[in-house]
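Undergrad:
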DNA sequence: CTCGCAACTGTTATGAAATAACATCACAAC
DNA sequence: GTTGTGATGTTATTTCATAACAGTTGCGAG
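Protein chains in written order, with my numbering: chain Y, 1171 to 1329; chain P, 1171 to 1329.
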């Protein structure tokens, strides 16, 4: 759970062009569903997209203002709630942290491979999720949402 | 996530004989591994075993003393950490709550079916986990531990 | 036995994460 | 324009968890 190495992190952060495009895409998607991508929501999504890995809520709060001024907690938590609902962001339960969605993002299930060494967190297709959901259904349980989070070592840190 | 119905809960709590036996079993298992089942650990495990469902840490804290006196947080958190390490208890990340292990408990992976209606939480074998771990391994990631938590509706609440 | 270490517990204090409650604002529908 | 809904701003509080250090206990080595 704690970082124990000096390996480089994700390198997944978006910047410049790619960032703007991702934000605009998200805005378009929201509009298509009658949802509003307002300023604080866009700002929080931007912070998540720029980040190399999972971001703590209070880091979003303190990084919120472009001038370094912090936001109030509800501002950020409400934005996160919205982004999660739109499938634009995910909460990593086992880290109390948040990431921008890096996959298709259309209501899909998510799964994460978290490196306990360097902190890199990769979003992957949830292989085996159908088997799990099916097994649950066979026992009468209806899966509405599924949290899958692996802790372990990424390829670089295993090296 | 919030309880919305008045369906009965798990009914999984242990009492009397069964409780004592479960506690003694746990103590035996600890002894066999050179671990000590001390008083606070046993007490926390007891509270978890008695409970019908997931228990919040601060409920354990306030229920700790038989006389109704509360424990200090570190007492309970340390006990929980120990119990988790021994596979005697699990943390439900998506609820910030804890449950006694209801399965074999020998270092196994765990998965949970959480009913968002009545709160019942069932520990199940993680069907599909091997597929997931295998897929991760194929991409160079080594899974050390796997958190699988489903939210949805149990059979009773779907009715 | 007794010394010394390692593990465990007790205690105080603080830090981190999230939400409640209520006031105000923006904007589209009518 | 007015009205209603959804979004934001703001203050305060609650909930969850750990840091840091002091004291105790059990146990094996000598």
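Beta carbons are placed, not taken as given, at the ideal position from N, Cα and C, and that holds for glycine.
For residue 1307 (chain P), collect the residues of the same chain with a Cβ closer than 8 angstroms to its Cβ; drop the 5 residues on either side in sequence, then sort them by chain order.
TA: Result list for residue 1307 (chain P): 1313, in chain order.
Undergrad: Among the residues of its own chain, which have a CB less than 6 angstroms from the CB of residue 1226 (chain Y), if the five just before and after it don't count?
TA: The answer, listed in chain order, is 1267.
Undergrad: Measuring CA to CA, which of P:1218, P:1248 and P:1175 is closest to residue 1196 (chain P)?
TA: Residue 1196 (chain P) has its Cα closest to that of P:1218, out of P:1218, P:1248 and P:1175.
Undergrad: Just how far apart, CA to CA, sit residue 1253 (chain P) and residue 1272 (chain Y)?
TA: So the two alpha carbons sit approximately 35 angstroms from each other.
Undergrad: Taking a cut of 9 angstroms between CB atoms, which residues from the segment 1289-1313 of chain P lie near chain Y?
TA: If the cut-off is 9 angstroms between Cβ atoms, the segment 1289-1313 of chain P has 1292, 1294, 1295, 1296, 1297, 1298, 1299, 1300, 1301, 1302, 1303, 1304, 1305, 1306, 1309, 1310, 1311, 1312 and 1313 near chain Y.
Undergrad: Residues in its own chain within less than 7 angstroms of residue 1200 (chain P) by CB, not counting five upstream and five downstream?
TA: Here the set comprises 1206, 1207 and 1256.
Undergrad: Who are the near neighbours of residue 1264 (chain Y) in its chain, counting only those whose CB is closer than 6 angstroms to its CB and skipping five residues on each side?
TA: These residues qualify, in order along the chain: 1319.
Undergrad: List the DSSP bridge partners of residue 1225 (chain Y).
TA: In the DSSP output, where bridge partners are listed per residue, residue 1225 (chain Y) has Y:1268.
Undergrad: Below 7 angstroms between beta carbons is the criterion; list the residues of the segment 1247-1270 of chain P that meet it against any residue of chain Y, in chain order.
TA: The residues in question are 1263 and 1264.
Undergrad: Go through its chain and collect everything with a Cβ distance to residue 1281 (chain Y)'s Cβ below 6 angstroms, but skip five positions before and after it.
TA: Contacts found: 1294, 1296 and 1318.
Undergrad: Residues of the segment 1182-1209 of chain P with a CB closer than 9 angstroms to any CB of chain Y: list them in chain order, please.
TA: Against chain Y - using a Cβ distance shorter than 9 angstroms - the segment 1182-1209 of chain P contributes no residues.
Undergrad: Closer than 8 angstroms by beta-carbon distance: list the chain P residues that pair up with residue 1322 (chain Y), in chain order.
TA: Simply 1306, 1311, 1312, 1313, 1314 and 1315.
Undergrad: Please list, in chain order, all residues of the same chain as residue 1303 (chain Y) whose beta carbon is under 6 angstroms from its beta carbon, the five residues on each side excluded.
TA: Counting only Cβ-Cβ distances below 6 angstroms, and skipping sequence neighbours, we find 1313.
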